[in-house]
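A short write-up of the structure that comes next.
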Amino acid sequence: MIHARDLKYRPEEANLRLEKGHFEADTVIGKREDKFVLFTLLDRKTRELYIALTERDAKSINKALRMLIRKYNLEIKTLTVDNGSENTLLHKVVGKKRLFKCKPYASYQKGSIENAHRYIRRFIPKGKSFNSLTQEYVFWLKEQIDEYKRVIAIKL
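Shown next, in the form of structure tokens:
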């Protein structure tokens with residue numbers, strides 16, 4: 000069970016993207032039998048994407064979140080997640096009052112991160128194993144996605 004509040008209680012600052020620090024988190028899976036997944040974290044205001052390669056259990060996801068917070072000096076004001084079992088311990092990192100969960104089968108409620116996953120799939124097609132990926136590649140991937148999004152924004 001995820002110790003999180005219903006999304007309807009998320010602050011307006013997060014809903015309206017008024018300030019940095021309100022995040023969505025999710026995992027991207029390669030092959031079903033893979034040991035590793037990509038843990039993704041996205042700031043709702045800036046759309047900045049953070050990625051970590053980790054195992055898919057809750058303890059490893061917590062460790063990945065802590066690593067991203069430390070590496071990028073992130074302040075988590077709110078965190079929105081789905082009901083996946085990998086998210087059951089996230090309240091230990093961000094606290095129960097700052098953790099919000101979507102309704103079951105309502106991935107559109109964290110649509111920003113779902114959209115960011117499309118960028119990942121440009122580099123790593125669905126069905127490709129993540130077991131051979133390295134954390135260095137994942138950091139490179141983040142830079143490529145950030146650069147791609149900047150180029151698109153400039154063209155608009």
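For the sequence shown, numbering that gives the first Met the number 0 begins at 0 and goes up steadily by one. Even glycine gets a Cβ: it sits at the ideal position worked out from N, Cα and C.
Return the Cβ separation of Pro-103 and Asn-130 in integer angstroms, given the expectation that the two are a contact with Cβ distance under 8 Å.
Wrong, their Cβ atoms sit about 29 Å apart, outside the cutoff.
Could you tell me if Thr-87 is buried or exposed, where buried requires 16 or more neighbouring beta carbons within 10 angstroms of its beta carbon?
buried
Unbroken beta strand (DSSP E) run spanning Ile-28, endpoints:
21-28
Which of the three DSSP states, helix, strand or coil, is assigned to Ile-50?
strand
Along the chain, where does the beta strand (DSSP E) that runs through Leu-98 open and close?
98-100
Between Leu-98 and Val-80, which are expected to be in contact by the criterion C-beta below 8 Å, what is the C-beta distance as a whole number of angstroms?
7 Å
According to DSSP, simplified to helix, strand and coil, what is Asp-42?
strand
Nearest-angstrom Cβ-Cβ length linking Ala-3 and Lys-95, presumed shorter than 8 Å
7 Å
Can you tell me which of the three DSSP states Arg-117 falls into?
helix
Short of 6 Å in beta carbon distance, which residues of its chain neighbour Lys-30, apart from the five on each side in sequence? Order them along the chain.
Ser-128
Does DSSP put Leu-78 in a helix, in a strand, or in coil?
strand
Between the CA atoms of Tyr-118 and Tyr-71 - distance to the nearest angstrom:
20 Å
Determine, using beta carbons only, whether Glu-54 and Lys-34 come nearer to each other than 7 Å.
yes
Let's see if you can read the secondary structure: which residues bound the alpha helix (DSSP H) around Asn-130?
From DSSP, Asn-130 is part of no alpha helix (DSSP H); its letter is neither H nor E.
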